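The block underneath contains the structure these notes are about, expressed in structure tokens.
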Amino acid sequence: MIKTQNDWHPADIIAALRKRGTKLAALSRESGFSSSTLSNTLARPWPKGEKIIADRLGIAPSIIWPSRYFDKNRNSIK
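Residue numbering for the sequence shown follows my numbering, beginning at 29 and increasing consecutively.
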């Protein structure tokens with residue numbers, strides 16, 4: 029049996045951004061969007077938003093949202 033990794037909880041993503049000295053709304057505005065736009069990424073796939081958040085955290089989007097990048101057998105789906 030292959031152990032699958034869960035997506036980060038939205039609160040964990042927000043906390044990680046806060047530890048980096050920013051907020052999701054501020055990052056959204058910095059990226060040229062309205063303050064709530066990046067919050068959509070927490071609930072549904074949006075590769076551009078995922079990359080913006082992951083870049084700020086210094087990790088790959090597939091680490092934060094493995095279900096969006098790998099199937100149940102850990103094969104890449106993108």
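Virtual Cβ for every residue (Gly too), placed ideally from N, Cα, C. These numbers were taken from a predicted model, which means no experiment stands behind them.
Query, Result
"Own chain, CB closer than 8 Å to residue 97, minus 5 neighbours either side, in chain order", "89, 90, 104, 105, 106"
"Residue 43, enclosing alpha helix (DSSP H) - first and last residue", "38-47"
"Cα-Cα separation, residue 39 to residue 93", "13 Å"
"Exposure of residue 46, with buried meaning 16 or more beta-carbon neighbours within 10 Å", "exposed"
"Alpha helix (DSSP H) segment containing residue 82, residue limits", "75-85"
"Start-to-end residues for the alpha helix (DSSP H) that takes in residue 57", "52-58"
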